[in-house]
Each structure stands twice: as C-alpha cells, then as structure tokens.
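Taking it in order: structure first as structure tokens, then the write-up.
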Amino acid sequence: MDLFENISPLDHRYYLSNQDLAKALREYLSEEAVIKSQALAELALVKALNKAGLCSPQVVAEVSEAVNKITPAKVYEEEEKTKHNIRALVNCLRENVSDQAKPWIHFTATSVDIMDSASSYRYKAVTEEVVLKGLIELEKTLLSLARENAGVLQMGRTHGQHAVPLTFGFTLALYVERLGSRISYLKEANKNLTAKLSGAVGAYNASSLVVEDPLKLEADFALELGLKPAAIATQIVPPEPLADLFHGYISAFGVIANLADDMRHLQRSEIGEIFEYFASTQVGSSTMPHKRNPWNFEHVKSLWKSFMPRMITVYMDQISEHQRDLTNSASERFYAEIVAGLCLAIDRINRVLSRLKVDEKAMLKNFMQSSQMVIAEPLYILLADSGHPDAHECVRKLTLESQKTGKTLWALIEEDQKLFELLSVLPEEKLEIIKDPSKYIGLAQEKALTICDKWQTLIEEV
-15 MDLFENISPL DHRYYLSNQD LAKALREYLS EEAVIKSQAL AELALVKALN KAGLCSPQVV
45 AEVSEAVNKI TPAKVYEEEE KTKHNIRALV NCLRENVSDQ AKPWIHFTAT SVDIMDSASS
105 YRYKAVTEEV VLKGLIELEK TLLSLARENA GVLQMGRTHG QHAVPLTFGF TLALYVERLG
165 SRISYLKEAN KNLTAKLSGA VGAYNASSLV VEDPLKLEAD FALELGLKPA AIATQIVPPE
225 PLADLFHGYI SAFGVIANLA DDMRHLQRSE IGEIFEYFAS TQVGSSTMPH KRNPWNFEHV
285 KSLWKSFMPR MITVYMDQIS EHQRDLTNSA SERFYAEIVA GLCLAIDRIN RVLSRLKVDE
345 KAMLKNFMQS SQMVIAEPLY ILLADSGHPD AHECVRKLTL ESQKTGKTLW ALIEEDQKLF
405 ELLSVLPEEK LEIIKDPSKY IGLAQEKALT ICDKWQTLIE EV
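Okay, structure coming up:
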C-alpha cells in the first residue's frame, strides 16, 4: 500500500514530516502495538499462574517465545475465522506452544481482562516515553523564553484592547505554570491506570475455582504489566482512570492551543511583536509573495479543534450496561489518535518556539501608542488612596479631556490645583509611575522569575 493511499492524515501527511515521532508513537499506538501488548498481557497471566504454582517455568518460557512470533497479519487472518479478536490471538499463541503449555494460555481470563489491561499498559508507556517527555521539552523551552524576556516591556491586552503594561516574560510565565500543572497532573493520572483479572463479570468466578487467592493472582498479573489492580471491576476496568488520563491529554492540548493562539495574534501586521522562523525557500502565500503567515501556530490550534471534541466520546464510554456492553468497542479504537494529535502539536509548537524571534522595539512602539492612557489606573488608585471621594469618575473625565485636547493626563493634573495638591504629598517613586508609564509593571518581572524558578525545580523532579 502506497503511503498516500492512507485515509488518515496522521499517516500520509503529518507523520511524514516527523518520522522519528511517528516511529515512537507506532511503538505504542499502532495496531501491531495493540496486538503485541495483548500478547504480553497473556504472558503476564501465565507468569502469574506460575507464581501461583499452577504451571511450570517451562510453560512461561514457551509462551514467552510464542509472543515473539506473533504478527498482526496472522492474528487478523485467524480473526476472519473466529470473528473474535482475543480468541484469534489465543489460537495464534497456542499454535506455537506444546500441548503441556496450551491449557494455561488465557486460563481463567475473559477477553477484556486482556484488552483493558493491555490498553492501560500501552497508554501508561506512551505517556511516560513520548507524551511527558515532549511536554517537558516544551516546558523547558517556555522556561528559557520566559526567563530571557522577564523584563521586556509589553502592553497587556484584555478584550483585544490595550490594558496596562506587563512584561513578555510574564505573558509566557503564565503558560509555564499552566503547562507545568498539566505535566504534574498527567504524571499522577498515569500512576492510577489499572489492570484486572477478575473474569466475565468481575467477581473472580473462574479464578476462584483453581486458586486459593484470586486477588493475589490478579495483583501478580497487574504487577507484570507495571500496573496496579482495580479495586473492583465488572467485565471491564473502571473507566475513570483512563478518562482522567485523557482529560489530562486534552487539557494540556488546550493550554498549548491557547498559547499558539496568543502567539499567532502577536504576529498580526499591526502588532508584529514576535515572528515565527521563516526559511529562505518558504512560501507564505500562493499569490502574495510578501506574506509570512503564522501557519505553525495556526496549525496547532487546528489540531486542537480536531481532537478536543473527541473527549466527549471518552466521557460517553464511561457508560456500560450492567457488567458490560460493546458500545465502547469501536470508539476506543480511535483513542490513540488523540494521543498522536497531541504529540504532533507538542512537537510543532516546541520547534517553532525554539526559534521564535522577539521584536522588543515593536513591543515598545505598541506600548507607546497607549502609554499616556494606561496611567489612568494608577492615577485613579493614587487619587483614591489620597482621599479623593470619586477618583474613578474624575479620572474617566480626564481621559476624555486628554483624548479631546491631546494633552497628557499628567499635564491635566498639573493644571488642576486641587488634584495636584492631593498627589503632591505622595512619595516620588509613586508619582514617577504616572510620569513614566513604562515603570507601571507591578510585579510582572518578579512574578515571571518566581514561576520560572518554581518550575525549573519541579520539572527536574518530574
């Protein structure tokens, strides 16, 4: 099959530009990975049976060797006969072991003991080996940018309008904190993924017939997969731990999309405070040769729009009738694409941020457009603090007068003897803020550095 005959853009478009990421994800998310992990779950069961004294080490060795011979093509071929995926897997394993070992493959297990436990195993592994590593690299990039720009003056914006000044490092530090919290959340959620070996309705009916302690058998099985057993289950593992993990994926995706959107807007022609790296051979438009579009940040937001709504399906899959139905059978097969989409976004935005160009002159120019207006807030606060009975209304009228006459607010204050006298008793450093609005940044620089110091330590612990 030709690469471009694939249906999913994940395969023929996005992975093509990053084959290392594609290779890493396929190890955990491909159909081969699904079948291999299920085969490993069958092996984990045999190892647990051996610990319980039911089968010999020779059986474990045979099944281990059989697992290495399993191919997706063979299992799918067998499934055409059985019309059952796990029975097909079991039959393929049994073909490669002796008669002595055959009875112990899938012994006491129901299909979902294997399927759900294998899913937890795969998602735990991909979170540790790909998702968290990618997020940590992105966090480090943000930390570096935030620290480097901690004192770079930038106009704050609310509702798309100039508000009061801060620093670009402070702007980025917000995302350092938000993304860091998602990393911590995902780390904890990953620890809570569970396995089960409790049979068709979760009551250990089958295993109770052959072992004295079915709970220990289940615990040993889970341990082989690096998981903990569910406290209680039906035929399926309780869906909340996996839903929690995917909530972590999607909420991290949301932080990244928000960051991308902010960075995209800062590249508007009338703002122009930052720029994506633009290669010498790169084309911005098929008809406008001068264009340099923020397409990478737009791409990240577009990926989020595609994959974020799939979280609704994850929540819908919490519902299963009585001890189990099959309404999650098809939908769960697409969960892997959420992880893939997130990892593509992480990789894309990290590469772009690593080469981001910050235009401090443009930030200062934009600040100067409203510099005389932004002192309205400190002026109002200082007047109120000095005892003015209606400071906000007073300053509001002054701003209208400033816009009408072109005079600065401070010039208007100097013309009003009563207002000037109220302010003249204030310390010089406070008056300096009104005279020089660039100094009205509050704790922006200090806060940015504090957040950077915090996550510099925490990210190393993660």
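Residue numbers for the sequence shown follow the working numbering, so the first one is -15 and each next one is one higher. Glycine included, C-beta positions come from ideal geometry on N, C-alpha and C.
Check                                                                                                                                                                             : Outcome
Identify whether Phe259 lies in helix, strand or coil by the three-state DSSP scheme.                                                                                             : strand
Ignoring anything shorter than 3 residues, give me the beta strand (DSSP E) runs that lie fully in the segment 64 to 142, in order along the chain.                               : 137 to 142
By alpha-carbon positions, which one of Gln307, Pro293, Ile330, Ser304 ends up nearest to His283?                                                                                 : Ile330
Just mark Lys419 as buried or exposed, buried being the case when its beta carbon has 16 or more other beta carbons within 10 Å.                                                  : exposed
Is the distance from the Cβ of Ala134 to the Cβ of Arg141 below 8 Å?                                                                                                              : no
Could you tell me the alpha carbon to alpha carbon distance between Tyr159 and Tyr319, rounded to whole angstroms?                                                                : 26 Å
Whose C-beta lies closer than 6 Å to the C-beta of Cys436 among residues of the same chain, with five residues either side of it excluded?                                        : Leu127, Ala130, Arg131
Where does Val298 fall in DSSP's three states?                                                                                                                                    : helix
Determine the burial state of Met300: buried for a count of at least 16 other Cβ atoms within 10 Å of its Cβ, exposed for fewer.                                                  : exposed
Can you check DSSP and say which residues form a bridge with His146?                                                                                                              : Arg141
Nearest CA to the CA of Phe291: which residue from Ser313, Gly325, Ala157?                                                                                                        : Gly325
Could you tell me the alpha carbon to alpha carbon distance between Lys402 and Leu363, rounded to whole angstroms?                                                                : 14 Å
Per DSSP, which one or two residues make a beta bridge with Ala179?                                                                                                               : Pro213
Using the C-alpha atoms, what's the distance from Phe230 back to Val30?                                                                                                           : 30 Å
How about Leu207 and Lys108: do their beta carbons lie closer than 8 Å?                                                                                                           : no
What residue does the alpha helix (DSSP H) around Leu5 start on, and which one ends it?                                                                                           : 3 to 13
Does Glu172 pass the burial test, meaning 16 or more other C-beta atoms within 10 Å, or should it be called exposed?                                                              : exposed
Write down every uninterrupted run of the alpha helix (DSSP H) in the segment 320 to 363 whose length is 4 residues or greater and which is fully enclosed by it, in chain order. : 344 to 354
With 16 other CB atoms within 10 Å as the buried threshold, where does Ser191 fall?                                                                                               : buried
In or out: Gln138 buried (at least 16 other Cβ within 10 Å) or exposed?                                                                                                           : buried
From which residue to which residue does the alpha helix (DSSP H) around Val284 run?                                                                                              : 279 to 291
Figure out for me which residue from Pro222, Pro278, Lys212, Leu122 has the closest Cα to the Cα of Phe237.                                                                       : Leu122
Expressed to the nearest angstrom, what Euclidean distance is found between the alpha-carbon atoms of Val239 and Leu163?                                                          : 6 Å
Residues in the same chain with beta-carbon distance under 7 Å from His(-4), minus the five sequence neighbours each way, listed in chain order, please.                          : Leu(-13), Phe(-12), Asn(-10)
Among Ile258, Ile234, Trp394, which one has its Cα closest to the Cα of Phe152?                                                                                                   : Ile258
Within its chain, find whatever has a CB closer than 7 Å to the CB of Ala6; leave out the 5 residues flanking it on each side and keep chain order.                               : Tyr(-1)
Taking the continuous alpha helix (DSSP H) assigned at Ala206, which residues delimit it?                                                                                         : 198 to 208
At which residue ranges does the segment 19 to 68 contain complete alpha helix (DSSP H) runs of 4 or more residues, listed in the order of the chain?                             : 41 to 53, 56 to 66
Pull up the distance between the alpha-carbon of Ser14 and that of Leu427, whole angstroms please.                                                                                : 48 Å
Could you give the distance in angstroms between the alpha-carbon of Asn334 and the alpha-carbon of Thr111?                                                                       : 18 Å
Would you mind sorting Phe351 into buried or exposed? The rule is 16 or more other CB atoms within 10 Å of its CB.                                                                : buried
Could you have a look at Thr389 and say whether DSSP puts it in helix, strand or coil?                                                                                            : helix
Given a threshold of 16 other Cβ atoms within 10 Å of its Cβ, counted over all protein chains shown, does Gly371 qualify as buried or as exposed?                                 : exposed
Tell me, to the nearest whole angstrom, how far the beta carbon of Leu460 is from that of Ala375; I am working on the premise that it is less than 8 Å.                           : Lying outside -15 to 446, the shown extent of the chain, residue 460 is not represented and no answer is given.
Assuming Phe404 contacts Glu412 under a Cβ cut-off of 8 Å, what Cβ separation, rounded to an integer in Å, is found between them?                                                 : 14 Å between Cβ atoms; not a contact.
In three-state DSSP terms, what is Thr311?                                                                                                                                        : coil
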